[in-house]
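Participant: Residue numbers for the sequence shown follow our numbering, so the first one is 46 and each next one is one higher.
Beta carbons: idealized from backbone N, C-alpha and C, even for Gly.
Treat the numbers as computed from the prediction; the structure is a model and nothing was measured.
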Amino acid sequence: MMRMKTITLLLGLMTVQNTHSSGLYAGIKGGVSAFSGNHTSVLNSAPSFTSDKKFKYNSPLVGVQAGFLFQPTMKFFIFPEISATYNFSNAAEDLKNPQTSVVDGKRKISRSYGFGAALGAGIRFHPALGVFGKISYEMQNFKIAYTDLSFTNITKYDYAKLNKKILLGGGLISSLTNTLFVTFNYDYGFKNSSKVYDFPGIGAASTRTTTLSVKEHRLGIGLNYFFWTVT
């Protein structure tokens, strides 16, 4: 009996008084990203060789978002949204000379910021709880850094690349008050390949053409505030 009363009380606290409202919102979010993919390098020298390296790493991310939640009925809602994220991530590896197997360079892949836009829709099966799905388009900034160790004076080559990606996801939405709601979501970023740059090669006078292919699994939680509403 006590358990039932507790559940009833919690649901009562989470219930939104106005169950048929729309409005502009803004919020913060955090989560974790699991990246994996391939980083392919073709060294155009004599002799030429191709390096195809796989990478995988997990990293935390933070961000902000803003949108308009439109609820035409008591159950159905749609929302366009824009967002910005920052990812604390990097993956590093040694580069070996194909003839001597000596490490003469290092390569680091890091992701920093990203910008995106999304469109979502969902259904409330309780005034304070619902499910949603959404599709997003993001531009994510990746930085490729080479360090050439084969000379007395160590040389570095850096280049940044925006990797454009489509994400498909969904999750839960829960209203805490009339103006506060939280989201719990999962997103899958489809693998996308992009040519990075023709870098100077490691060691001899040559060029290195690189291609970056990345896919992503993302888990996150967001806290949002309605700063303007209509009923």
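With 16 as the cutoff for other CB atoms within 10 Å, does Met49 come out buried or exposed?
Facilitator: Confidence is the limiting factor: at Met49 the pLDDT is only 46, short of 50, which leaves the residue's position unreliable, though a coordinate-based value still follows. Per the 10 Å Cβ criterion, exposed.
Participant: Just checking my contact of Glu126 with Ala163 at CB under 8 Å: how many whole Å lie between their CB atoms?
Facilitator: Correct: roughly 5 Å between the Cβ atoms.
Participant: Would you check if the segment 73 to 83 and the segment 96 to 111 touch, i.e. whether three or more CB-CB distances between them fall below 8 Å?
Facilitator: Verdict: yes, contact present.
Participant: Considering only residues of the same chain and omitting the five flanking positions on each side of Phe271, which have a CB-CB separation below 6 Å?
Facilitator: The answer, listed in chain order, is Gly68, Tyr70, Thr224.
Participant: For Met184, which of helix, strand or coil comes out of DSSP?
Facilitator: It is a strand residue.
Participant: On the CB-based measure, 16 or more other CB atoms within 10 Å of its CB, does Phe235 come out buried or exposed?
Facilitator: Counting Cβ neighbours within 10 Å, Phe235 comes out exposed, since fewer than 16 surround it.
Participant: Buried or exposed: Gly246, going by 16 or more other Cβ atoms within 10 Å of its Cβ?
Facilitator: Its pLDDT being 49, under 50, Gly246 is placed unreliably by the model, and nothing is read from it.
Participant: So, using beta-carbon positions, are Gly215 and Phe187 closer together than 7 Å?
Facilitator: It is not a contact, given that the beta carbons lie outside the stated cut-off.
Participant: Buried or exposed: where does Leu114 fall if 16 or more other Cβ atoms within 10 Å of its Cβ makes it buried?
Facilitator: Classification of Leu114: buried, given that the 10 Å Cβ count is 16 or more.
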